[in-house]
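Report on the structure given below.
Number of protein chains: 2
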Amino acid sequence: MRRSQRLPLITKTLLDRPGQLISLTELAQCFGAAKSTISEDVAIIRDAFAARKMGRIETVAGAAGGVRYIPGLSDEAIVETVSELCEALSDPQRILPGGFLYMSDLVSSPTLMSRVGELFAGRFYSEGPVDAVVTLETRGIPIALMTARALNAPLAIVRRASRVTEGTVVTMNYVSGSAKRIETMSLSRRALPPGARVLIIDDFMKAGGSARGLVDLMEEFGAKVVGMGVLIATAEPRQKLVKEYVALAVLELVDEERREVVVRPSGWVERLREGGPGP
Amino acid sequence: MRRSQRLPLITKTLLDRPGQLISLTELAQCFGAAKSTISEDVAIIRDAFAARKMGRIETVAGAAGGVRYIPGLSDEAIVETVSELCEALSDPQRILPGGFLYMSDLVSSPTLMSRVGELFAGRFYSEGPVDAVVTLETRGIPIALMTARALNAPLAIVRRASRVTEGTVVTMNYVSGSAKRIETMSLSRRALPPGARVLIIDDFMKAGGSARGLVDLMEEFGAKVVGMGVLIATAEPRQKLVKEYVALAVLELVDEERREVVVRPSGWVERLREGGPGP
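In order, the protein sequences belong to chains R and C.
Each residue of the first sequence is one higher than the one before, starting from 1 at the first, in the working numbering.
Each residue of the second sequence is one higher than the one before, starting from 1 at the first, in the working numbering.
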């Protein structure tokens with residue numbers, strides 16, 4: 001097999017298994033070439049990705065070493081993705097009675113959510129290894145799944161009611177931040193290993209009641225929350241029930257009467273646009 | 001930029017947007033090469049993928065043409081994926097009180113589900129274009145999302161209760177096939193375009209009550225069901241409430257007392273293993 005044939009195949013093997021360490025031995029056997037040749041191929045792929053900021057290829061030296069693809073968006077791609085999201089959300093046809101906004105199509109869009117997943121993976125990669133991505137059913141699942149895929153971590157779905165198919169569960173009551181209703185969340189004992197480092201991902205945050213609930217639930221599991229990412233946070237209330245989170249977009253206003261929606265990129269994304277460093 | 005640099009980048013561009021037609025003009029502008037050069041690059045990638053049966057690269061001629069990546073697993077990869085699934089499910093530690101089986105970790109595994117999504121996409125690709133992948137919350141969402149991604153189709157999530165954030169919904173009662181309970185399912189009017197061709201994807205089928213409900217709900221939307229894929233179907237009852245579906249694995253037995261689980265690849269997968277054609 002020639003290099004020009006191996007390059008697409010090695011690229012595909014790496015991209016199909018984001019975050020997974022693949023040994024040079026496996027690649028060498030799979031594509032019938034010497035490890036030194038594969039090593040050169042990988043260097044070409046690594047440099048090409050680096051030049052275009054299309055994620056990163058990491059090589060780990062030594063006997064247990066190998067190569068792995070770390071997804072992530074460039075600053076420009078982050079700004080572009082969030083701008084598209086804001087523009088799509090600003091469509092007044094999305095306004096529902098009561099001043100709600102229809103966004104189910106966006107939060108379950110495979111194309112958009114795989115980009116957002118890579119975005120969050122890149123954003124939280126520096127926080128260290130993530131043992132599980134945690135989300136609350138239902139609408140957070142697509143974003144959380146794509147983030148988990150990009151981080152090569154399992155996904156743990158917190159249910160709103162306990163199910164017989166979840167086995168032994170930890171069930172917790174919490175107060176929804178805005179409506180002040182008592183709600184229930186429930187997670188299988190088997191869903192997280194002891195002492196897990198978890199990343200919480202959700203689609204929407206208003207007062208932060210369910211985010212707060214998830215943080216408290218993680219404490220019950222002895223898990224450490226290493227980060228929290230939400231797609232959209234509302235501007236009001238300014239004081240959320242959680243302190244540390246990364247939002248991509250801020251919902252400023254839904255005016256049912258004037259048929260107006262105002263959504264803007266979050267401060268973090270704005271700073272990327274201006275070329276500054278993230279927080 | 002040299003060919004060896006372009007090959008990984010074009011491969012990545014195609015894989016990041018499965019099922020999407022990308023024009024040669026876009027690739028030429030993006031990677032600073034003539035369209036004829038890009039066309040040669042694409043032919044190299046296409047042949048390499050074809051030789052290893054790692055999905056397909058399709059080129060569409062003409063002014064509105066371009067190139068697209070069609071995910072799909074080789075027969076060997078399908079057999080391997082389903083065998084791994086069956087082996088994982090057969091672990092007696094999964095047995096829950098009442099003879100249920102814990103499988104939440106598997107149905108939400110990003111690695112396994114992205115392979116299953118490519119598997120279903122390849123399996124149903126010949127049924128013609130799919131306008132939406134439809135699933136019932138919660139556990140079917142990861143498989144359905146990954147299938148939708150591989151088919152470049154939106155995902156429509158049917159809810160078990162209607163939500164204010166879904167706008168106008170169609171709500172339907174149905175009878176769960178095994179427990180004979182009345183259940184409710186609900187889908188936003190906005191979730192499907194009129195006359196949509198839909199693929200139904202779910203994680204589990206026992207008697208097929210919720211599958212039947214989804215088929216009936218699609219009728220209310222004037223949508224045409226072009227296929228149905230489920231990860232695991234139970235061997236009993238043999239007569240399901242839906243006739244046409246593709247299951248990957250069959251759950252034969254969960255014996256709580258003897259701590260035994262029997263799961264086998266479905267007939268379709270068995271025939272692939274024996275080298276025969278699928279149905």
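For every residue, glycine included, the Cβ atom is placed at its ideal position computed from N, Cα and C.
On a predicted model such as this, the values are computed, not experimentally measured, just so you know.
A distance of 8 Å or more separates the beta carbons of Glu-84 (chain R) and Arg-68 (chain R). Shown here, Glu-219 (chain C) sits in a helix according to DSSP, grouped into three states. Within the same chain, Cβ atoms closer than 7 Å to the Cβ of Gly-117 (chain C) are found at Ile-143, Met-146, Thr-147, Arg-149, Ala-150, the five residues on either side in sequence being excluded. With respect to the 8 Å criterion, Asp-131 (chain R) and Ala-196 (chain R) are classified as neighbours on the basis of their beta carbons. Measuring C-alpha to C-alpha distances from Ser-90 (chain C) to each of C:Asp-105, C:Leu-251, C:Trp-268, C:Val-269 identifies C:Leu-251 as the nearest. If you compare the alpha carbons of C:Gly-62, C:Val-134, C:Ser-4 with that of Met-218 (chain C), the shortest gap goes to C:Val-134.
DSSP, read as helix, strand or coil, puts Ser-83 (chain C) in helix.
The way I'd put it, the region 75-84 of chain R does touch the region 105-123 of chain R; three or more beta-carbon pairs between them come closer than 8 Å.
For the beta strand (DSSP E) assignment, the uninterrupted runs of no fewer than 3 residues enclosed by the region 166-229 of chain C are, from N- to C-terminal side, 169-175, 182-188, 197-205. Linking Leu-24 (chain R) to Gly-209 (chain C) through their CA atoms gives a straight-line distance of about 48 Å. The Cβ atoms of Val-246 (chain C) and Val-225 (chain C) lie no closer than 8 Å to each other.
Taking each of R:Ser-74, R:Asp-216, R:Leu-21 in turn and checking the Cα distance to Ala-63 (chain R), the smallest one comes out for R:Leu-21.
Between the alpha carbons of Gly-213 (chain R) and Val-230 (chain C) lies a gap of roughly 33 Å.
For Ala-148 (chain R), the closest Cβ of chain C is nearer than 8 Å.
As a beta-bridge residue in DSSP terms, Glu-260 (chain R) pairs with R:Asp-255.
Within chain C, no C-beta atom comes nearer than 9 Å to that of Ser-210 (chain R); the closest sits roughly 14 Å away. For Asp-41 (chain C), the number of other beta carbons within 10 angstroms of its own is at least 16, and it is reported as buried.
It is roughly 7 Å from the alpha-carbon of Ile-182 (chain C) to the alpha-carbon of Asn-173 (chain C). Classified as buried, Gly-72 (chain C) has 16 or more neighbouring CB atoms from the shown chains inside 10 Å of its CB. Here Leu-253 (chain C) is exposed. Its C-beta has fewer than 16 other C-beta atoms within 10 Å. Closer than 8 Å to the CB of Thr-138 (chain C) there is at least one CB belonging to chain R. For Arg-163 (chain C), DSSP records no beta bridge to any residue.
Counting every other CB atom within 10 Å of its CB across the protein chains shown gives Ser-266 (chain R) a total of 16 or more, marking it as buried.
Contact annotation for Phe-124 (chain C) against chain R: no contact, minimum CB-CB distance about 15 Å [criterion: below 8 Å]. For Glu-183 (chain C), the closest Cβ of chain R is not nearer than 8 Å.
Taking each of R:Arg-3, R:Arg-17, R:Glu-80, R:Ala-28 in turn and checking the Cα distance to Ile-70 (chain R), the smallest one comes out for R:Arg-17. At a cut-off of 8 Å between beta carbons, Lys-35 (chain C) makes no contact with chain R. Comparing alpha-carbon positions, the option among R:Val-242, R:Arg-56, R:Arg-2 lying closest to Ser-176 (chain R) turns out to be R:Val-242. Non-local beta-carbon contacts of Phe-31 (chain R) in its own chain, meaning distances under 8 Å to residues more than five positions away in sequence, involve Met-1, Arg-6, Leu-9, Ile-10, Ile-38 in chain order. When the beta-carbon positions are compared, Val-164 (chain C) and Gly-98 (chain R) come within less than 8 Å of each other.
Rounded to the nearest whole angstrom, the CA to CA distance from Gly-140 (chain C) to Asp-202 (chain C) is 5 Å. Here Glu-220 (chain R) is not near Ser-104 (chain C), since their CB atoms are 8 Å or more apart. In this chain, the alpha helix (DSSP H) harbouring Glu-270 (chain C) covers 267-273. Rounded to whole angstroms, the separation of the alpha carbons of Leu-119 (chain C) and Trp-268 (chain C) is 13 Å. The CB of Ala-48 (chain C) comes closer than 7 Å to the CB of Gln-5, Pro-8, Leu-9 in chain R, given here in chain order. When the five nearest sequence neighbours on each side are left out, the beta carbons in the same chain lying within less than 8 Å of the beta carbon of Arg-94 (chain R) are those of Leu-101, Tyr-102, Met-103, Val-261, in order along the chain.
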